[in-house]
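Trainee:
There are 2 protein chains.
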Amino acid sequence: MKETGRSGCPINLTLEILGDRWSLIVLRDMMFGNRRHFRELLAKSDEGIASNILADRLKRLLENGLISRRDDASHKQKGIYSLTEMGISLVPVFAAMADWGRRFLPVTPEMSIRAEILAEGGPALWERFMAELRFLHLDAPRPAQSVLDDLTAAYRDAVERKRAAEAEPEVA
Amino acid sequence: MKETGRSGCPINLTLEILGDRWSLIVLRDMMFGNRRHFRELLAKSDEGIASNILADRLKRLLENGLISRRDDASHKQKGIYSLTEMGISLVPVFAAMADWGRRFLPVTPEMSIRAEILAEGGPALWERFMAELRFLHLDAPRPAQSVLDDLTAAYRDAVERKRAAEAEPEVA
DNA sequence: CAAAACCGCTTGCGATTTGCAAGCAGTTGG
DNA sequence: CCAACTGCTTGCAAATCGCAAGCGGTTTTG
Numbered sequence: 001m002k003e004t005g006r007s008g009c010p011i012n013l014t015l016e017i018l019g020d021r022w023s024l025i026v027l028r029d030m031m032f033g034n035r036r037h038f039r040e041l042l043a044k045s046d047e048g049i050a051s052n053i054l055a056d057r058l059k060r061l062l063e064n065g066l067i068s069r070r071d072d073a074s075h076k077q078k079g080i081y082s083l084t085e086m087g088i089s090l091v092p093v094f095a096a097m098a099d100w101g102r103r104f105l106p107v108t109p110e111m112s113i114r115a116e117i118l119a120e121g122g123p124a125l126w127e128r129f130m131a132e133l134r135f136l137h138l139d140a141p142r143p144a145q146s147v148l149d150d151l152t153a154a155y156r157d158a159v160e161r162k163r164a165a166e167a168e169p170e171v172a
Numbered sequence: 001m002k003e004t005g006r007s008g009c010p011i012n013l014t015l016e017i018l019g020d021r022w023s024l025i026v027l028r029d030m031m032f033g034n035r036r037h038f039r040e041l042l043a044k045s046d047e048g049i050a051s052n053i054l055a056d057r058l059k060r061l062l063e064n065g066l067i068s069r070r071d072d073a074s075h076k077q078k079g080i081y082s083l084t085e086m087g088i089s090l091v092p093v094f095a096a097m098a099d100w101g102r103r104f105l106p107v108t109p110e111m112s113i114r115a116e117i118l119a120e121g122g123p124a125l126w127e128r129f130m131a132e133l134r135f136l137h138l139d140a141p142r143p144a145q146s147v148l149d150d151l152t153a154a155y156r157d158a159v160e161r162k163r164a165a166e167a168e169p170e171v172a
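Residue numbers (the numbering used here), protein chains in the order written: chain A, 1 to 172; chain B, 1 to 172.
#1: Would LEU15 (chain A) pass as an interface residue toward chain B - the criterion being a Cβ-Cβ separation below 9 Å?
#2: Compare the C-beta of ASN184 (chain A) with all C-beta atoms of chain B and state if any pair is closer than 9 Å.
#3: Going along the chain, which unbroken runs of the beta strand (DSSP E) with 3 or more residues stay wholly within the region 32-95 of chain B?
#4: What are the complete alpha helix (DSSP H) segments, minimum 4 residues, inside the region 3-31 of chain A?
#5: Can you grab the Cα-Cα spacing for the pair ALA164 (chain B) / ASP157 (chain B), in whole Å?
#6: Hey, how far is the Cα of ARG114 (chain A) from the Cα of TYR155 (chain A)?
#7: Compare the C-beta of LEU133 (chain B) against all C-beta atoms of chain A and say whether one is closer than 9 Å.
#8: Write down the C-beta distance between LEU90 (chain A) and LEU27 (chain A) rounded to the nearest angstrom, noting that I regard them as a contact closer than 8 Å.
#9: What residues in the region 85-101 of chain A bring their beta carbon closer than 8 Å to a beta carbon of chain B?
#10: Below 8 Å on the Cβ atoms is my guess for HIS103 (chain B) versus GLU116 (chain B); work out the distance and round it to an integer in Å.
#11: Can you pull the chain A residues whose beta carbon is under 7 Å from the beta carbon of ALA115 (chain B), in chain order?
#12: Of the choices A:PHE129, A:ALA153, A:LEU138, whose alpha-carbon is the least far from that of GLN145 (chain A)?
#13: Less than 9 Å between the beta carbons of GLU40 (chain A) and ASP29 (chain A), yes or no?
#14: Using a cut-off of 8 Å between C-beta atoms, extract the partners of LEU24 (chain A) located in chain B.
#15: Confirm, please, whether the CB-CB distance from LEU13 (chain B) to PRO106 (chain A) is below 9 Å.
#16: Under 9 Å between C-beta atoms, does ARG39 (chain B) make it to chain A?
#17: Counting only beta-carbon separations shorter than 9 Å, does THR108 (chain A) have a partner in chain B?
#18: Whole angstroms is fine: what's the gap from GLU127 (chain B)'s alpha carbon to LEU136 (chain B)'s?
#19: If I follow the unbroken alpha helix (DSSP H) through ASP149 (chain B), where does it start and stop?
#20: Since ILE53 (chain A) contacts LEU61 (chain A) with CB under 8 Å, what's their CB separation in whole angstroms?
#21: Are the C-beta atoms of ASP181 (chain A) and some chain B residue less than 9 Å apart?
#22: Determine, using beta carbons only, whether LEU187 (chain A) comes closer than 9 Å to chain B.
#23: Which of the three DSSP states, helix, strand or coil, is assigned to ALA172 (chain B)?
#24: So does the region 33-50 of chain A actually touch the region 75-92 of chain A, counting three or more Cβ pairs closer than 8 Å?
#25: What number of angstroms, rounded off, separates the C-alpha of LEU18 (chain A) from the C-alpha of MET97 (chain B)?
#26: Please report the residue range of the alpha helix (DSSP H) in which LEU125 (chain B) lies.
#27: Any C-beta of chain B sitting closer than 9 Å to the C-beta of SER112 (chain A)?
#28: Taking only three categories from DSSP, how would you classify ARG102 (chain B)?
#29: Can you list the residues of chain B that GLU47 (chain A) reaches, using a CB-CB cut of under 7 Å?
#30: Does any CB atom of chain B fall closer than 9 Å to the CB of GLY65 (chain A)?
#31: Please confirm whether GLU16 (chain A) and ARG70 (chain B) have their CB atoms less than 9 Å apart.
The following block contains the structure:
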């Protein structure tokens, strides 16, 4: 909790915590990719975050209450990072950002399929997704159906379709 | 348009453009404070942006198509910055971020009143606000009623109430 | 009509942050 | 016992940030 000397505006305060190139990437991978260990977040990211940056961001996200950390019982060195309610509550922010990005920026189709589903599902879907995240990251009961599975399946389908299209460039 | 070598994920692409401490602050002041000149953005900001940073951000926002710039007919040195449709479309992102910030961060009451109104108004209100921004920044027709006036009036009221409360610390 | 204020924006410079590569002590599985 | 793996740190060069001052030109003011 350092003194920044800036204003009490909600937009400004949000930017003081999340206004950099990597914090939201880390949270995105935890949220949509269910990556919970340091190495998972480090290696499986499409953007290739550096290990010192990742360590720093995890520390800052911890300090600010967006994530929590506990030891992995199955491996004495591993830590498991989880989203807190504060982190889970970013779902609408991700949905809004992703929808804006897919409309105005040169996104790839397979990377924007999940943004599309979230935009079409609207707040009702976001709420179901957040309930699922509370099950995965907190101690909430398992919800009836899984939004994350739907999102992941749609993404895998899109990747698979792209691979198939590239393997067979011209349709006969 | 520089090559960053990162992914085509909408979240990532959005962060490559807006993922820093100042870009969204500048857009916020243009959007909610209707600040259109360099000096207005420089001096009237609650956060005190440096002039070189402001110049750099305006340039980047121009390059990325979020704002436009034209000369001020009434003053040969002034330029007028306007939001483009791409910039106006960030309204839902601001609404989501502001709502998250006011729920989880130590915002001041008078700075969060607008976030509250936007959250309660929901997408219908956002759409009316965007129509008004198209009138102020593009060449769209004037909408029936002004959301910005409502937001600004609510903010002024909150500031006034705070000033009154501070002038008379203890209620008799 | 000259001085003062204001205009957008740049420059210099020290401090901080970033990105990359390598490495570390401890743990696990074969 | 050793190779692979764990989370995370260190060194270092490059980029960025933040502050202060200033620049050529325009407009306002006394």
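Note that beta-carbon positions come from the ideal geometry of N, C-alpha and C, so glycine has one too.
Mentor: The answer reads as follows:
#1: yes
#2: In the structure displayed, chain A extends from 1 to 172; residue 184 (chain A) sits before or after that span and is not available.
#3: 67-71, 79-83
#4: 10-18
#5: 10 Å
#6: 7 Å
#7: no
#8: 6 Å
#9: MET86, SER89, LEU90, PRO92, VAL93, PHE94, ALA95, ALA96, MET97, ALA98, ASP99, TRP100, GLY101
#10: It should be noted that the sequence gives Arg, not His, for residue 103 (chain B). Actually they are not in contact, since the Cβ atoms of ARG103 (chain B) and GLU116 (chain B) sit about 10 Å apart, beyond 8 Å.
#11: PRO10
#12: A:PHE129
#13: yes
#14: ILE11, LEU15, GLY19
#15: yes
#16: no
#17: yes
#18: 14 Å
#19: 147-167
#20: With a Cβ gap of about 12 Å, ILE53 (chain A) and LEU61 (chain A) do not count as contacting.
#21: Only positions 1 to 172 of chain A appear in this structure, which leaves residue 181 (chain A) out of reach.
#22: Outside the shown range of chain A, which is 1 to 172, sits residue 187 (chain A), and nothing can be said about it.
#23: Low local confidence applies: a pLDDT of 45 at ALA172 (chain B) is under 50, so the model's placement there is unreliable, with the coordinate-based value given in what follows. Three-state DSSP puts ALA172 (chain B) in coil, outside helix and strand.
#24: yes
#25: 10 Å
#26: 109-137
#27: yes
#28: helix
#29: ARG6, SER7, ASN12
#30: yes
#31: no
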